[in-house]
Amino acid sequence: MNHPVEMPYVTASLNQVTQTQNDVQPPRRLIQLTEACAKKYLNPPPNTLETPICKSCPGEAHDPLEIGQLPLIKNAPTTFAPCPQPAPENLSNKQLRHRAFKSAQQLQHRKDANLKFAGQEQIMAHVCRKNRDINIRMFHKSFIAYADSCCKHIVAIVKFYPFATMDSSLMARFQNLSHHLIAQSKFQNPNYSNGPAYAGHLFSLGWRKAYKSKTTVGITGIAEKVSCDRKGWEDLQTHLPEVNQFIGERFEALSKPLFDEVKDHFQPLEAPGLSPDFITDPDAFTCHLSFTLNNFANQCHSDRDSSPYTFVTWLPINKSTGQLVEGPLDGFGGEFVFPKHGSPQKPKELCN
Numbered sequence: 001m002n003h004p005v006e007m008p009y010v011t012a013s014l015n016q017v018t019q020t021q022n023d024v025q026p027p028r029r030l031i032q033l034t035e036a037c038a039k040k041y042l043n044p045p046p047n048t049l050e051t052p053i054c055k056s057c058p059g060e061a062h063d064p065l066e067i068g069q070l071p072l073i074k075n076a077p078t079t080f081a082p083c084p085q086p087a088p089e090n091l092s093n094k095q096l097r098h099r100a101f102k103s104a105q106q107l108q109h110r111k112d113a114n115l116k117f118a119g120q121e122q123i124m125a126h127v128c129r130k131n132r133d134i135n136i137r138m139f140h141k142s143f144i145a146y147a148d149s150c151c152k153h154i155v156a157i158v159k160f161y162p163f164a165t166m167d168s169s170l171m172a173r174f175q176n177l178s179h180h181l182i183a184q185s186k187f188q189n190p191n192y193s194n195g196p197a198y199a200g201h202l203f204s205l206g207w208r209k210a211y212k213s214k215t216t217v218g219i220t221g222i223a224e225k226v227s228c229d230r231k232g233w234e235d236l237q238t239h240l241p242e243v244n245q246f247i248g249e250r251f252e253a254l255s256k257p258l259f260d261e262v263k264d265h266f267q268p269l270e271a272p273g274l275s276p277d278f279i280t281d282p283d284a285f286t287c288h289l290s291f292t293l294n295n296f297a298n299q300c301h302s303d304r305d306s307s308p309y310t311f312v313t314w315l316p317i318n319k320s321t322g323q324l325v326e327g328p329l330d331g332f333g334g335e336f337v338f339p340k341h342g343s344p345q346k347p348k349e350l351c352n
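For the sequence shown, counting from 1, position 154 maps to 154 in the UniProt record's numbering; every step adds exactly one.
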């Protein structure tokens, strides 16, 4: 992936194996419609989103993600059988017209929701089925996952931003963010108190309230490391407001409604932003920042944070220098699982 990825998330990991499935389609009885009916109900207008039926769950009223050739599943059986197919239905012309009308209504409702939450109609949409044993889908394009067919509750929004098409000024700000966080890590030790973590390194910046009353936790630097270059560390902290501003802008670009929901949640609490003095900032909500290196991964867990959403950015970088990696890479990563919604998701590739 030549691109950073931004999304609200809960993270976990699953063992994955491949499975092949026979794609057997039952015969269907064809019903002849008049030319007027076919033109009115069966010919979609130009640029209309297609709503394919997910082959892993035929008959279900939800969109599948754009998946690779071989979907990954957990605990795959040793033998495979064709997926069950719905029995052919004998529908009248009136029933067919009604079904086409309802399908058009649902499609328009989905497009309106996509535009509201993601700012674009033409984005892959998925409705979670609350089935924890479904296939892990691998994707490499932007998409939005809804909790149900009402399209009012968001599970996750993912957007890819290829470096090849990114504005140079925006790319420079991502580069600055990467350099800044790598520099911050030089004054810290990895955070090993994160219980669910089992791989990679996690660093923390800013502060956050602890879970017990009248207690706070803050990690900004290790005294022994800061003493080696105190002036450099102090200068580094003066750039935190810029980091705070940029992260906020990227969250807002991902989804304005979700950004406003998180911001409205923190403003009444007077939560501080990332700043050297931790002063109250009415426009800030990034009061705590975690950044990870070396393929960091968590076990399945639920955070107790009060924030309604978490914002994440992936950047392919040289971990020693913080330089963005623009060249092609051959790798997979970014596993995210939402067990509550039965919706495992996994970016298909880090670079192409």
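For each residue, glycine too, the CB sits at the ideal point set by N, CA and C.
Taking VAL158 as the reference, give the member of THR310, PRO328, ASN244 with the closest Cα.
THR310
Where ARG250 falls: helix, strand or coil (DSSP):
helix
Every unbroken beta strand (DSSP E) inside the stretch 131-210 [3 residues or more]:
137-139, 143-146, 154-160, 197-209
Tell me the rounded alpha-carbon separation between LYS186 and LEU107.
50 Å
SER92 (DSSP reduced to helix, strand or coil)
coil
Below 6 Å CB to CB, which residues in the same chain sit around PHE203 once its five sequence neighbours on both sides are set aside?
SER185, GLN188, PHE291
Closest Cα partner of ILE317 within the set ASN298, GLN175, ARG250, ALA145:
GLN175
Taking the C-alpha atoms as reference points, what is the distance between ILE123 and ASN114?
7 Å
Tell me the DSSP secondary structure of ASN295 in three-state form.
strand
Sequence-distant residues of the same chain with beta carbon closer than 7 Å to PHE246, five excluded per side:
ARG173, LEU177
When DSSP builds the beta bridges, which residues end up paired with SER290?
SER204
Just to confirm, is the Cβ distance from HIS239 to HIS288 under 8 Å?
no
Report the three-state DSSP secondary structure of LEU109 (helix, strand or coil).
Per the sequence shown, the amino acid found at residue 109 is His instead of Leu. DSSP places HIS109 in helix when its eight states are reduced to three.
Comparing C-alpha positions only, which one of PHE259, LEU324, PHE296, ALA147 sits nearest to HIS201?
PHE296
Element boundaries [alpha helix (DSSP H), containing VAL325]:
Per DSSP, VAL325 belongs to no alpha helix (DSSP H) and is neither H nor E.
PHE259 - containing alpha helix (DSSP H), residue span
256-266
In the DSSP assignment, what residue or residues form a beta bridge with VAL243?
BP columns for VAL243 are empty, so no partner.
What number of angstroms, rounded off, separates the C-alpha of LYS102 from the C-alpha of LEU91?
15 Å
For VAL17, count neighbouring Cβ atoms within 10 angstroms of its own Cβ and tell me buried if that reaches 16, exposed if not.
In this prediction, VAL17 scores a pLDDT of 30, lower than 50, which makes its location untrustworthy; no coordinate-derived value is stated.
Quick one: give me the first and last residue of the beta strand (DSSP E) that ALA125 is part of.
124-127
Around the Cβ of CYS151, are there at least 16 other Cβ atoms within 10 angstroms (buried) or fewer (exposed)?
buried
Less than 8 Å separating the beta-carbons of GLU261 and PRO308?
yes
Please determine, among PHE251, ASP264, GLN299, the residue with the shortest C-alpha to C-alpha distance to THR313.
PHE251
For HIS153, the nearest candidate out of PHE336, VAL127, ALA104 (CA to CA)
VAL127
Using a Cβ-Cβ cut-off of 6 Å (strictly less than) and excluding sequence neighbours within five positions of ILE182, which residues of its own chain qualify?
GLY322
Identify the continuous alpha helix (DSSP H) that holds GLN120 and give its terminal residues.
Where GLN120 is concerned, there is no enclosing alpha helix (DSSP H), given that its DSSP letter is neither H nor E.
Taking just the CA atoms, how far does SER149 sit from HIS98?
19 Å
Give me the residue from ASN298, LEU315, THR165, LEU324 with the minimum Cα distance to ASN194.
ASN298
Hey, would you say ARG110 sits closer than 8 Å to ALA100, going by beta carbons?
no
Go ahead and label ASN165 buried or exposed: buried means 16 or more other beta carbons lie within 10 angstroms of its beta carbon, across all protein chains shown.
It is worth fixing the name first, because residue 165 is Thr in this sequence and not Asn. So THR165 ends up on the exposed side.
Answer with buried or exposed for SER306, where buried requires no fewer than 16 other C-beta atoms within 10 angstroms of its C-beta.
exposed
Are residue 361 and SER255 closer than 8 Å when you measure CB to CB?
Residue coverage of the chain in this structure runs from 1 to 352, which leaves residue 361 outside it and unanswerable.
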